[in-house]
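In my numbering, the protein residues as written are 4 to 110.
Below, the structure is given as structure tokens:
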């Protein structure tokens, strides 16, 4: 008993603010996970489709391999992004996209 009548009310207000900030932070984290996983899935599917199209065409053998490797790296980014490792997933997306671009240069 502190003798202050409003001490319990101010503590409850601080806890309510922390809860609101915690809810907002968890929504932001969830959104980052979905963005990382979604972008990785789109890039992985695009890379796999490009690898299959280049494999059926008259491109050198290195081109579909580069697309497939880039798609695999992007698929790994999907896994990491869904587990909350969004920074690593972002770097893997960049690396996978660069690998696919390198394969495009070989064509």
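A virtual CB, placed ideally from N, CA and C, is assigned to each residue, including glycine. Since the model is a prediction, treat every value here as computed from it, not as a measurement.
Residue i versus residue j - alpha carbon distance
{"i": "residue 36", "j": "residue 67", "result": "29 Å"}
{"i": "residue 52", "j": "residue 98", "result": "18 Å"}
{"i": "residue 54", "j": "residue 94", "result": "21 Å"}
{"i": "residue 31", "j": "residue 40", "result": "14 Å"}
For residue i, the three-state DSSP class (helix, strand or coil)
{"i": "residue 88", "result": "coil"}
{"i": "residue 39", "result": "helix"}
{"i": "residue 3", "result": "Residue 3 lies beyond the range of the chain shown here (4 to 110); nothing can be said about it."}
Outcome for residue i when other beta-carbon atoms lying within 10 angstroms are tallied against a minimum of 16
{"i": "residue 81", "result": "buried"}
{"i": "residue 57", "result": "buried"}
{"i": "residue 161", "result": "In the structure as shown, the chain starts at 4 and stops at 110, and residue 161 therefore has no counterpart that could be examined."}
Chain-order list of residues whose beta-carbon lies under 6 Å from that of residue i (same chain, five-residue window excluded)
{"i": "residue 110", "result": "62, 66"}
CB contact below 8 Å: residue i versus chain D
{"i": "residue 27", "result": "The chain inventory of the structure shown lacks chain D, comprising one protein chain alone."}
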